[in-house]
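Residue 571 in numbering that gives the first Met the number 0 sits at position 572 of the sequence shown; the count goes up by one each step and never skips. Ideal Cβ placement from N, Cα and C applies to all residues, glycine included. Encoded as structure tokens, the structure appears first; notes follow it.
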Amino acid sequence: MKTLTGYGAVMSMAFGLGMSAFIATSSAQPTLDDVMKARGLTQKDILAAAKTYVPTGGRDEFIAISSGGQSGQIFLYGIPSMRILKYIGVFTPEPWQGYGFDDESKAVLEAGNLINGNRITYGDTHHPAITETNGVYDGEYVFINDKANPRIAVIDMKDFETKQIVINPIMKSEHGGAFVTQNSEYVIEATQYAGPYGHDYVPLSKFNEEYRGAITYWKFNREKGRIEPENSFSVEVPPYSQDLSDAGKFVSHGWSATNSFCTERYIGGIEKGRPPFEAGCSQKDTDFVHLVNWKKAAELVKAGKAKKINGHNVLPMDVSIKEGILFLIPEPKSPHGVDFSPDGKFFIVAGKLDTHASVYDFGKIMKLIEAKDFAGKDPYGIPILDLKKSLHTQVSVGLGPLHTQYDSKPCVVYTSIYVDSMVTKWDYCEGKVLDKLHIHYNIGHLMTMEGDSAKPQGKYLVSLNKLAIDRFNPVGPLHPQNHQLIDISGDKMQLLYDMPVPLGEPHYTVAIRASLLKPKVRYSTGWDSRTDSKSAYRTRPGREKVVRKDGVVHVYGTLIRSHITPEIIEVEEGETVSIHLTNVERAEDETHGFAINGHNVNLSVEPGKTVSATFKANSQGVFPYYCTEFCSALHLEMQGYLLVRPKGTKAEDAALSEGQAYTEADYKKQIANNVATQAVIDSVVKFITERNFKDFPTVVALVEDAVDQLNFAAEAKKKSEEFAAKKDWQNATLWGQQWFQYQVKTADMGLRAKTHLEQNGAVVVKKDK
Ligand code: CUK
Ligand code: CUA
């Protein structure tokens with residue numbers, strides 16, 4: 000029993016018997032100067048490091064939520080540390096989270112991945128958007144689009160899980176999503192490459208007549224946290240390659256703006272000797288920003304003015320023109336981003352082939368519309384407003400401007416300059432450039448803290464670079480992306496940090512104050528996190544069972560340190576098996592995984608969660624299963640067997656091997672150890688209960704868990720004593736060991752509770768006895 004003494008020693012040390020012995024003898028520490036010299040660091044480097052470094056246990060001020068590009072995922076990182084916190088499966092299965100492996104998440108993924116009869120297992124995510132209340136981030140939900148297969152996903156920020164995916168019923172390509180209206184009434188999604196709304200073939204010769212763009216307004220039900228496709232609609236627009244969008248705020252609330260390029264409606268065909276798309280699509284000096292009065296459009300849809308196409312409401316162009324809800328304004332050559340100012344009075348457009356950023360004045364635009372002061376009509380009869388009359392100002396910001404973000408300082412914005420590889424800081428009220436900073440290399444989007452909301456937070460800017468080239472250690476021809484952190488608190492921008500992104504090509508990222516997020520640490524026991532309700536398959540400890548129903552073997556099991564119940568599952572070849580597992584832990588971060596050999600079963604079961612895996616036991620054989628998260632000292636023993644016996648054979652209860660035979664002396668040694676361990680537990684319990692632990696929800700949960708484990712310990716103790724009374728030292732000792740296992744888990748939780756109380760200023764409360 001050497002291991003036991005070892006464990007005991009570690010425990011008593013951890014319980015406060017002193018680490019001081021370790022600290023006494025160490026060689027002289029190098030000074031900051033020594034380290035700077037050895038690593039070749041400058042003062043500026045040290046300053047940058049000090050601005051980004053977060054000591055162990057420290058937290059970041061902002062959480063960035065980034066698109067993961069063609070990985071079909073999103074990922075989270077902290078600012079300023081740039082530490083990656085999590086990848087989240089959205090359009091792509093993600094094994095760590097069991098996403099796309101358990102039945103519950105499969106339902107989310109599969110409700111939104113059957114396109115044109117094909118199962119799509121990736122997405123090209125571009126633009127995340129956080130829900131807003133009065134234009135300000137509220138930290139409840141995130142939406143993200145898929146450019147390749149027009150879809151929008153809903154992610155709940157309480158657990159950062161994907162809850163819903165909706166397929167756009169009329170688009171074949173999209174880009175201008177996801178953007179939310181001021182109170183997240185709608186999530187905007189706009190087409191990129193025009194196509195026919197139907198599913199049938201339409202020759203390109205009918206491009207102008209039958210190909211169309213669209214701007215979809217997905218209705219979001221905040222209470223349910225889900226999009227309502229039946230209450231959503233689209234506005235029909237010309238086949239102009241619509242691009243990014245943004246929703247107005249305050250004075251411009253009720254309106255949205257969507258860019259476009261290739262308003263030439265040019266069709267390439269380089270293989271046939273025609274000049275390519277890129278030449279034909281940049282002939283004109285201007286393209287069009289589309290202005291839509293979505294509030295009025297929603298009323299028109301309610302009034303029955305929409306057509307049903309593929310079961311979806313589409314407001315025809317002629318209706319929108321007649322009702323005065325759709326307008327075009329020229330915008331300089333091949334525009335890309337469109338971004339409303341925090342007060343909603345302006346929006347800024349940058350043209351990729353023009354050095355200017357254009358500031359449009361929403362007030363002027365409304366006056367032109369009211370006065371019906373139009374400069375002309377497009378081929379589809381949509382009124383066009385005069386560019387000059389709509390502008391507040393234009394500023395030359397650099398070659399290839401793309402996207403703009405707002406600072407907390409009034410009138411200050413940052414625009415990404417792709418060709419010049421630079422960020423330009425400028426004043427859009429006065430129309431002057433304030434500062435320029437070179438980045439490495441070829442910036443796409445850029446992002447300031449809450450910089451697209453009504454309350455930008457300033458402080459930091461992240462440059463989302465398209466190329467990394469020589470910034471990182473080479474890892475082959477496919478390079479990581481590079482997110483560069485920039486300090487924008489002073490007059491001059493300062494580059495602080497390079498973060499490689501090893502996932503996909505992120506397009507847009509949003510960052511929110513960490514203080515606005517209130518994520519769960521555990522689910523209420525038996526929770527189906529994908530439907531946000533109690534699972535019908537939840538199980539309590541002691542109630543595990545196997546039920547054969549309608550040709551399916553349902554296994555209702557539980558997971559707790561360190562066993563999976565049941566430990567043996569036996570079925571007949573050809574049977575369908577549905578394993579439902581509930582993690583009955585309440586301690587923070589006690590996730591168990593579950594993987595079975597050879598059946599593509601791989602689950603992540605966070606505390607409280609219930610998930611299911613349904614599969615066919617296709618072939619007879621022996622298939623070990625185990626927990627995939629190192630959850631305790633006896634994690635490796637968190638194991639079991641799926642036995643699939645040949646068809647038509649009977650189950651047999653094999654004589655199990657007993658291991659070594661213990662003596663009375665072994666039993667007594669074990670019990671003495673358990674009694675000593677109990678004394679340690681008692682001292683921790685005393686520490687906790689003397690304090691105001693009920694004021695700490697984390698500690699309350701840990702105590703509940705510990706009590707569970709102690710109850711298990713009591714049961715094991717009883718069994719051990721029963722066998723001892725019969726002088727069966729083998730079983731008495733084995734149950735004695737099991738009793739100790741429960742004690743260890745209790746002590747582990749007690750320790751965490753004690754540390755939490757110590758670190759969070761718990762106070763001793765006088766106990767009347
Ligand atoms: S896009 Cu990629 S850099 Cu999809 Cu917003 Cu501009
Ligand atoms: Cu549970 Cu390892």
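Query	Result
First through last residue of the alpha helix (DSSP H) which encompasses His755	728-758
Minimum length 4: unbroken alpha helix (DSSP H) runs contained in the region 329-402	361-369, 386-389
Pairwise C-alpha distance: Ala213 and Phe206	15 Å
DSSP state of Phe21 mapped onto helix, strand, coil	Caution applies to Phe21, whose pLDDT of 45 falls short of 50 and renders its modelled position unreliable; the value that the coordinates give is listed next. Phe21 falls in the helix class under three-state DSSP.
Among Lys295, Gly336, Lys301, Val706, the one whose alpha carbon lies nearest that of Ser319	Lys295
His591 versus Thr581 - alpha carbon distance	10 Å
Any non-hydrogen atom of ligand 1 closer than 7 Å to His335 Cβ	yes
Cα-Cα separation between Ile698 and Ile114, rounded to whole angstroms	Checking the sequence shown, residue 698 turns out to be Val, not Ile. Rounded to the nearest angstrom, the two C-alpha atoms are 47 Å apart.
Inter-residue Cα distance where the pair is Gly607 and Ala746	21 Å
Whole-Å CB distance - Asn309 paired with Pro168, under 8 Å assumed	4 Å
Between the CA atoms of Asn144 and Leu633 - distance to the nearest angstrom	43 Å
Three-state secondary structure (DSSP) of Gln282	coil
Phe629 CB to nearest heavy atom of ligand 2 below 7 Å	yes
Proximity test, Ser561 beta-carbon vs ligand 2 heavy atom, cut-off 7 Å	yes
Pair within 8 Å by beta-carbon distance, Ser231 and Lys218	yes
8 Å Cβ cutoff met for Ile154 and Lys162	yes
Sheet register partners of His562 (DSSP bridge)	Ile559
Three-state secondary structure assigned by DSSP to Ala467	coil
Element boundaries [beta strand (DSSP E), containing Ala671]	Unbroken run through Ala671 is the alpha helix (DSSP H), 663-688; no beta strand (DSSP E).
Those residues which DSSP pairs with Ile214 across a bridge	Ala189, Val234
Terminal residues of the beta strand (DSSP E) in which Ser104 lies	It is not in any beta strand (DSSP E) - Ser104 instead sits in the alpha helix (DSSP H) that spans 102-110.
Meets three-Cβ-pair contact criterion under 8 Å: the region 343-352 and the region 237-250	yes
Helix, strand or coil at His125 according to DSSP, with G and I counted as helix	coil
Segments of 3+ residues assigned as beta strand (DSSP E) that fall wholly inside the region 49-95	61-66, 72-78, 83-88
Closer than 7 Å: Met748 CB and nearest ligand 2 heavy atom	no
Leu580: CB within 7 Å of a non-hydrogen atom of ligand 2	no
heavy atom of ligand 1 below 7 Å from Tyr507 C-beta	yes
Check: Leu558 C-beta below 7 Å from any heavy atom of ligand 2	yes
Every unbroken beta strand (DSSP E) inside the region 406-461 [3 residues or more]	411-416, 421-426, 431-437, 442-448
Cβ separation of His126 and Ala177, assumed to be a contact under 8 Å, to the nearest whole Å	6 Å
Supposed contact pair Tyr121 and Thr91 - C-beta distance, whole angstroms, cut 8 Å	5 Å
Integer-rounded CB distance, given that Asp426 should sit under 8 Å from Met492	With a Cβ gap of about 14 Å, Met492 and Asp426 do not count as contacting.
Glu571 - DSSP class collapsed to helix/strand/coil	strand
Paired residues, beta bridge with Gln483 - DSSP	Ser462, Asp497
Residue closest to Lys321, alpha-carbon to alpha-carbon, out of Ile381, Thr530, Ala723	Ile381
Segment contact, 8 Å Cβ cut-off, at least three pairs: the region 451-458 with the region 129-145	yes
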